[in-house]
Each structure stands twice: as structure tokens, then as C-alpha cells.
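**Student:** Please see the structure below; I have some questions.
Number of protein chains: 2
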Amino acid sequence: MFGAVLYGKDDVRYEEREDPRIIDPADAIVRTVATCVCGSDLWRYRGINPTDRPSPFGHEYVGIVEEVGRETTTVSPGQFVVGGFLYSCGTCATCRVGQQANCENGGGYDGCQAEYIRIPYADGTLVAVEETSTDDDLIADLLSLSDVMCTGWHAAVSAGVTEGCSVAVVGDGAVGLSGVLAAKIRGAETIIAMSKYPERQALAREFGATHIIAERGDAGIAAVRELTNGIGADAVLECVGTQTSVDQALQSARPGGRVGWVGLPHIDGINQSHMFWRNVGLAGGVAPVRAYLPELLPMVLSRAIRPGKVFDLRLPLSDVADAYAAMDERRAIKVLLTP
Amino acid sequence: MFGAVLYGKDDVRYEEREDPRIIDPADAIVRTVATCVCGSDLWRYRGINPTDRPSPFGHEYVGIVEEVGRETTTVSPGQFVVGGFLYSCGTCATCRVGQQANCENGGGYDGCQAEYIRIPYADGTLVAVEETSTDDDLIADLLSLSDVMCTGWHAAVSAGVTEGCSVAVVGDGAVGLSGVLAAKIRGAETIIAMSKYPERQALAREFGATHIIAERGDAGIAAVRELTNGIGADAVLECVGTQTSVDQALQSARPGGRVGWVGLPHIDGINQSHMFWRNVGLAGGVAPVRAYLPELLPMVLSRAIRPGKVFDLRLPLSDVADAYAAMDERRAIKVLLTP
């Protein structure tokens, strides 16, 4: 089969790789229907997190089960499946409390931007989608559940977004925009999207943003406070991971408010004075996608939400190098790839 | 009148001070019935936070209203009152969301270990206690509401303690012990008190601790995990404020769990890898006592809870220097002082 391999900075290649096969009886092999490029992978693509050897790339997918190991019982060949960007056993104490991203037996895949993918612990990782699942118009929405929609949702859950509250979203990538949608679904009244790009502002509005703030840093914080009785938002979703964005998020929350952080942190430190002395909390991390699928999947299948709108460019998987370049240069919010 | 003044390291004096008087029409003057020494004041008493000039000391009190300014309407002379360790206006946007500790017009008192205290914004700060209020046996319980009980409660609220959850409490001072009681009131099922002192362990048990762990650091973390399915507690209350205790608290929480921190932080930094990569949240800060009084006061008045048990030494206010020494040397958990 063919798949994407990262060789180093700005160097992604589509090349022949070994076909995956069942190694463990709990495995499944999935034939990829769609995969995509993640903003979090740009840290490695840009060489900020260096790559020391050629590495199969990608961690988001939807597809059709091709083959299962003898211990796999919840999915079977021919079924359309969605899975999270990390695999999880589903049975350890951590999975049992709904924290599959920290599964004691979990881990990452060997590159999902490929024609076939081996999924360890298929029962604890995959969710089979019945009925309309493979309708072409739903593929993008389903694929978004594999990471960005669930990650935006995790930001909102971690920040304690509830009915009627005010939310500021730092970051206008696919995760930030999904965070806007998550805040809307959870009933937030004021939803402030921080974005300076017109096409992203437009999608933020479509997803439920009530206000757009183009300013960043101190000016951005002041603008958020102006919209929130002068004190800051009840909840802030941090969807970038830089020092500037984390600082901005903490200072945009009101006393007693909470920041949900999901941007992979590339920071020197957390300024404790932005937290303790302002009574601002910080929670979140890597999203337990598998825990959220049962709640979000029906919304997608009923078309109540269309999170797949974050995909504004579609390319054949063989053009994966172009897909990374488009994301890197901000020509695309998120690129969907089909084998 | 006489009151306590901190001159420097290990140097607290009981000396004559000017009588407080109404300065602002929103003020009240309170005649102290009881006051006490706070663990947080030991940072300055021990010289860790240096004192640059003689400073009136103390921030906890219950007393009788002596006089009120012409704008004060909710309390009147002769009433027994409880107030928080910070004053708050009660009307700003921050107070209105229940975050009085961060009141935009709030601040600290000019020394509560004194015979009389001036309370700014009396309406936004004090709660009048009717009926049995001045029963001698309730004084200690009511006084605990001025800080430690509400601070322990804030730790539990910030850590998200709810019915049936597991809680670990780091710190066995008056706040930590109050945190144990708060966890019990909120319905926690497993309550782990981390303490190596027999008399504190005994009070922790009385307040609701189901388990005691004497170990600290890595051994303490391992012991907490052993009691919580190997993964850590749902909620951890950090009631000390040192680097060791904050690190220990973060590592004692399970993935998806939360630490409520209320110990005044004297730390170099927050280890982000204990947070993001383990999906552990951190929330809390200075407790909004005034927000919690309406809920906790009835429990005290009905004697459903006896948080005043943290006071294990009573001295006349004139012996305030001995009170600090006793706390500093751990001869007392908390010292109650009466003028």
C-alpha cells in the first residue's frame, strides 16, 4: 500500500509502505475512506519538534473494517467505523472513568495517512456507524469526530461550558472553530471567536460565534473583557498551545472562570499569578475522543451539526505533501484526503 | 485599643494602636469577640515573606457590631457578625458572579488581631448571625467560617468534589482538615488525608477521612494511587502551597481529575507535564468566603458540622506572640484568641 511518511522539515512523501496486518487478536485492519492533516502535526512538519527518522504520518481517519483479530467483537468486516486519534483498550481503570486518551495500554497509530491502518484494541477504539454512514456528504463530518470536533468539545467540557455562559475561543484553526461549535451546542450565550482571517471569521459565525475579535495579546484580552462586564469570560478555550495564546487565554477568563486547554503546549511555563491570584482554573489536555463519540455521533448522523465544514480543501491522498504545504501556509483551514 | 503588630521575623507584639473609626459611610466598626492565627501568616512570621515595617496582623474575626456608617444597611450595632478575611463591595461585576475574593473594590483589613476592627463595605462583607449566635460553644465554629472552613470548602468546590467521588487532601493544617470536612459534606466516598501527626490524623478521621497516608512525595503519590484503582483520586485538595505539595497534588489526581489549590503558592513553577499530558486540571485560589457563608452558616448554627474543632489552643489576645510561636512549632493546629 501507499502512505505518507515524514522525512524532516517540510518533507512529507507519499510512498510505498508495508501492508498492515493483524498482529494482536484485538486488532482490526481498516481500509481508509478519508484521512486528513492536523494542525498539531505542523509542529513536526515545521521542524519545531524535530524528526529523527522517516515516520509514517497522520492520526485521523474514517474507513471500512477490512479484517479483525479473533478477540474483536464489536466491529466486523464491512462496517464503516470512526475512531479516535489514539487507540485505547477500553477496559483499564482509566478508560473506565472515560479518560481513554490516557489509557494505560493506549498509544498512537503507525501513520493514518495511508490506504490501510492497523487499529490495536479495536473494541476499545472504534465505533461502528450504521445506516447512512457512508453517504458522501457525511464523510467530512464523521472524519472531524476523529480529532478536531472532539478536541474542541474537550476544550469546552474542560472549561466547564454550560447553558448561558460566556465563552472566548483562542485560536481559529479547525480545533478553535470546533470549540465555537461545541460552545454553541452546550448552550453558551456569548461566544467570542478570536480570529483575524475573514474566511475563518465567517465559519466561526456560522458555527455560532456571537462576536469576533481580531486583536491579540493585551488588546485582545481587553476586547474580551469589554464584552463580558469588564471581568472576562466564564470559560476560555485555548486551542493553539503557544505561550502567547496560553497567557492570553488565562487573562481572558474572569475570576472563578476556567480555561480548557487542548492546544499541544509549546510553552516555557504557566504563569501562576494568572491563575491563583485571579482564581482562574486550567484543565484539559489530549481529548478522550472515544468517550465523546457516543454523544456527538448522533448529532452528526442527524445532520444537527456539520463540523466537517472545517475542511475547506480536498485532495487525493497522493497529494499529501501539497496538503501539508497548504495548511502550513494557511491556504487551508484543514485538508481532507481520500485514497 | 490594643492589637497585634508584626515587626519582623518571629517578632509579633501586642501593643497599643489607634482606635479604628468610621472613615467611609459604608464602614462598620466591629468589637472583636474572637480572632485567630492563620497558617498563611506564618510565611511572614517566619521571614520567608519579609516584612519591611511594623504591620498590624491578622485577618480572621467574629464580633459584635459597635457602630456603622450611614450607608450601611444590612448590619446594625449590637448584632453578632461573621466576615471573610477580605472585604468586598458586594456590587461589582466580580462580586455579582460570587467571586468576592477578587472584588474590584476589595482588599485586606488593617489587622484583625485587635480589640476593634474597621470593616470597609460592611454590607458586602459581613453576615449577621441571629439567635444562638453568641453561644460560647459556637464561637470557634463561627470563627472558622472567617477563613479556614471556607478555604477548605473552596478547595473542594474548585476540585469539583461531588457525591461518591474519591478525594485526597494534601496538608493537615486547619485548612487541610477543613478540606476533609468539606469533602465529607459534599458526599465524597473515599477521603484520604495525608498526615503524619497522630492528633491531626485523629481529627481528620473525626471530620470524615476514610484513609490516612503518612508518606509524602513519590511514596505518598503511590499510596494514593493504590487506594484509587491505581490511577489517582478524582479530586485533590492542595492546602499547603509549597512546590513539593503542589507537585504531589497534581500527581495524585487521576487523568481527568482536578486539583483545588488554596495554599498560598510559594513555588517556582507549575509542571505542565503533570497537567496537560495527564489531563489533570488545577483551579482555585483565594476563597470567596462571603459567597460561601449563606450555605455553611446554617450548618454551623444547627451544629451539623463542628469545624471549630481545628482550634486546639485558646489564649488571651494579649498572648498573641505565644500563639504564633505555638503554630510555628506545630504545638497547635490553630490558636483561638479572645480579647
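Protein sequences, first through last, are from chains E and W.
Taken in order, the first sequence gives residues 14 to 352; the numbers are from the working numbering.
Taken in order, the second sequence gives residues 14 to 352; the numbers are from the working numbering.
Glycine included, every Cβ here is placed at the ideal spot set by N, Cα and C.
None of these values were measured; they are calculated from a predicted model.
Take the Cβ of W/D247 as the centre, count every other Cβ of all protein chains shown within 10 Å, and call the residue buried at 16 or more, exposed below.
**Tutor:** Start at 1 with the first residue of the second sequence, and residue 247 of chain W comes out as number 234. The residue is buried, with at least 16 neighbouring Cβ atoms inside 10 Å.
**Student:** Under 8 Å, do W/Q113 and W/G119 count as touching if we go by C-beta distance?
**Tutor:** Here residue 113 of chain W corresponds to residue number 100 of the second sequence, with the count starting at 1. Here residue 119 of chain W corresponds to residue number 106 of the second sequence, with the count starting at 1. Cβ atoms of W/Q113 and W/G119: closer than 8 Å.
**Student:** Helix, strand or coil: which one does DSSP assign to W/E239?
**Tutor:** Position 226 of the second sequence holds residue 239 of chain W. Helix, per DSSP.
**Student:** Pick out whichever of W/H72, W/P90, W/T85 has its Cα sitting closest to the Cα of W/E79.
**Tutor:** As a first step, residue 79 of chain W is located in the second sequence; it is residue number 66 there, counting from the start. The option with the nearest alpha carbon to W/E79 is W/P90.
**Student:** Nearest to W/G221 by CA position, among W/L330, W/A235, W/T241, W/R199, is which residue?
**Tutor:** Residue 221 of chain W sits at position 208 when you count from the first residue of the second sequence. Taking only the C-alpha atoms, the option nearest W/G221 is W/R199.
**Student:** Can you tell which of W/D123, W/C163, W/Y337, W/E176 has the C-alpha that lies nearest to the C-alpha of W/G192?
**Tutor:** Taking the second sequence and counting its residues from 1, the one referred to as residue 192 of chain W is at position 179. If we check each option's Cα against that of W/G192, W/C163 comes out closest.
**Student:** Need the endpoints of the beta strand (DSSP E) that W/T203 sits in, please.
**Tutor:** Here residue 203 of chain W refers to the residue found at position 190 when the second sequence is read from its first residue. 203-207 is the extent of the beta strand (DSSP E) around W/T203.
**Student:** Residues in the same chain with beta-carbon distance under 6 Å from W/T64, minus the five sequence neighbours each way, listed in chain order, please.
**Tutor:** For this step, residue 64 of chain W is matched to residue 51 along the second sequence. Closer than 6 Å at the Cβ level, and outside the excluded window around W/T64, lie L19, G21, R57.
**Student:** Nearest-angstrom Cα distance between E/E143 and E/M312?
**Tutor:** Mapped onto the first sequence, residue 143 of chain E falls at position 130. Mapped onto the first sequence, residue 312 of chain E falls at position 299. About 14 Å.
**Student:** Here's the rule: buried if 16 or more other CB atoms are within 10 angstroms of the residue's CB, otherwise exposed. What is E/V182?
**Tutor:** If you number the first sequence from 1, residue 182 of chain E lands on position 169. With 16 or more other Cβ atoms within 10 Å, it is buried.
**Student:** So, using beta-carbon positions, are E/E128 and E/F98 closer together than 8 Å?
**Tutor:** On the first sequence, residue 128 of chain E is found 115 positions in, with the first residue counted as 1. On the first sequence, residue 98 of chain E is found 85 positions in, with the first residue counted as 1. For E/E128 and E/F98, no; Cβs fall outside 8 Å.
**Student:** At the level of alpha carbons, what is the spacing between W/E219 and W/T203?
**Tutor:** Your numbering for residue 219 of chain W matches position 206 in the second sequence. Your numbering for residue 203 of chain W matches position 190 in the second sequence. Distance between the alpha carbons of W/E219 and W/T203: 14 Å.
**Student:** Do we get a CB-CB distance below 8 Å when we pair W/Q261 with the residues of chain E?
**Tutor:** On the second sequence, residue 261 of chain W is found 248 positions in, with the first residue counted as 1. Not closer than 8 Å to any Cβ of chain E, the Cβ of W/Q261 fails to qualify, so no.
**Student:** Report back the beta-carbon spacing between W/I152 and W/V75 to the nearest angstrom; my notes put them in contact at under 8 Å.
**Tutor:** As a first step, residue 152 of chain W must be located in the second sequence, where it is residue number 139. As a first step, residue 75 of chain W must be located in the second sequence, where it is residue number 62. With a Cβ gap of about 7 Å, W/I152 and W/V75 count as contacting.
**Student:** Find the residues of chain W that neighbour E/N242, judging by a C-beta separation of less than 7 Å, and give them in chain order.
**Tutor:** By one-based count along the first sequence, residue 242 of chain E stands at place 229. Under the 7 Å cutoff, chain W gives A106.
**Student:** Apply the 10 Å Cβ neighbour rule to E/D136 and answer buried if 16 or more other Cβ atoms are within range, or exposed otherwise.
**Tutor:** Counting from one through the first sequence, the residue named residue 136 of chain E turns up at place 123. Label assigned to E/D136: buried.
**Student:** 8 Å is my cut-off, CB to CB: does W/M288 come that close to chain E?
**Tutor:** For the purposes of this step, residue 288 of chain W is taken as the residue at position 275 of the second sequence. Output row for W/M288: interface = yes.
**Student:** Could you check the C-alpha separation between E/A168 and W/H224 for me, to the nearest Å?
**Tutor:** Looking up residue 168 of chain E in the first sequence gives position 155. Looking up residue 224 of chain W in the second sequence gives position 211. Between E/A168 and W/H224, the C-alpha separation is close to 34 Å.
**Student:** Does E/P329 pass the burial test, meaning 16 or more other C-beta atoms within 10 Å, or should it be called exposed?
**Tutor:** Stepping through the first sequence from its first residue, residue 329 of chain E is reached at position 316. Burial call: exposed.
**Student:** Taking the C-alpha atoms as reference points, what is the distance between E/A317 and W/K347?
**Tutor:** Taking the first sequence and counting its residues from 1, one reaches residue 317 of chain E at position 304. Taking the second sequence and counting its residues from 1, one reaches residue 347 of chain W at position 334. Taking the straight line joining both Cα atoms gives about 57 Å.
**Student:** Roughly how many whole angstroms lie between the Cα atoms of E/V94 and W/G276?
**Tutor:** The residue given as residue 94 of chain E occupies position 81 in the first sequence. The residue given as residue 276 of chain W occupies position 263 in the second sequence. If you take the alpha carbons of E/V94 and W/G276, they lie about 47 Å apart.
**Student:** Going by DSSP, name the residue or residues bridged to E/D24.
**Tutor:** If you number the first sequence from 1, residue 24 of chain E lands on position 11. BP columns for E/D24 point to E/G21.
**Student:** Is E/R26 close to the ligand FMN? I mean its beta-carbon at under 7 Å from any heavy atom of the ligand.
**Tutor:** Although the ligand FMN was asked about, the structure shown includes no ligands whatsoever.
**Student:** If I measure Cβ to Cβ from W/S53 and keep anything under 6 Å in the same chain, skipping five residues before and after, which residues do I get?
**Tutor:** One-based indexing of the second sequence puts residue 53 of chain W at position 40. The answer, listed in chain order, is L277.
**Student:** Straight-line CA distance for W/L350 to W/R26?
**Tutor:** Walking along the second sequence from the start, residue 350 of chain W turns up at place 337. Walking along the second sequence from the start, residue 26 of chain W turns up at place 13. Cα to Cα, W/L350 sits roughly 14 Å from W/R26.
**Student:** Residues in the same chain with beta-carbon distance under 7 Å from W/Y337, minus the five sequence neighbours each way, listed in chain order, please.
**Tutor:** Mapped onto the second sequence, residue 337 of chain W falls at position 324. Within the same chain, W/Y337 has close Cβ partners V25, V50, Y58.
**Student:** Ignore the nearest five residues each way along the sequence and tell me which others in E/G177's own chain have a CB closer than 7 Å to its CB.
**Tutor:** On the first sequence, position 164 is the one that residue 177 of chain E refers to. So the qualifying residues of the chain are G200, E202.
**Student:** Name, please, each residue of chain E whose Cβ falls closer than 7 Å to the Cβ of W/W274.
**Tutor:** If you number the second sequence from 1, residue 274 of chain W lands on position 261. Near W/W274 (Cβ distances below 7 Å), the residues of chain E are F289.
**Student:** State the start and end residues of the unbroken alpha helix (DSSP H) segment that holds E/H167.
**Tutor:** Translated into positions along the first sequence, residue 167 of chain E becomes position 154. Element bounds for E/H167: 161-171.
**Student:** Against W/L306, what residues of chain E qualify as contacts under a CB-to-CB distance less than 9 Å, listed in chain order?
**Tutor:** As a first step, residue 306 of chain W is located in the second sequence; it is residue number 293 there, counting from the start. In chain order: nothing, as chain E lies at least about 16 Å away.
**Student:** With a threshold of 8 Å, are at least 3 pairs of Cβ atoms found where one atom belongs to the stretch 249-261 of chain W and the other to the stretch 273-293 of chain W?
**Tutor:** Cβ pair count under 8 Å is three or more, so yes.
**Student:** Could you work out which residue in E/L240, E/L310, E/E212, E/P38 is closest to E/R83 when comparing CA atoms only?
**Tutor:** By 1-based counting over the first sequence, the position of residue 83 of chain E is 70. Selected option, being the one with the closest Cα: E/P38.
**Student:** Quick one: is W/S171 near chain E, going by C-beta distance under 8 Å?
**Tutor:** The sequence position of residue 171 of chain W within the second sequence is 158, counting from 1. It does: the Cβ of W/S171 has a partner Cβ on chain E nearer than 8 Å.
**Student:** Could you name the residues of the same chain whose beta carbon sits closer than 8 Å to that of E/P268, not counting the 5 residues immediately before and after it, in chain order?
**Tutor:** On the first sequence, position 255 is the one that residue 268 of chain E refers to. Closer than 8 Å at the Cβ level, and outside the excluded window around E/P268, lie I244, G245, R291, N292, V293.
**Student:** Taking E/A12 as part of the alpha helix (DSSP H), name the residues at either end of that continuous run.
**Tutor:** What is shown of chain E runs 14 to 352, which leaves residue 12 of chain E out entirely.
**Student:** Under 8 Å, Cβ to Cβ, is there at least one residue of chain W near E/G269?
**Tutor:** As a working note, residue 269 of chain E is residue 256 in the first sequence. So yes, E/G269 belongs to the interface.
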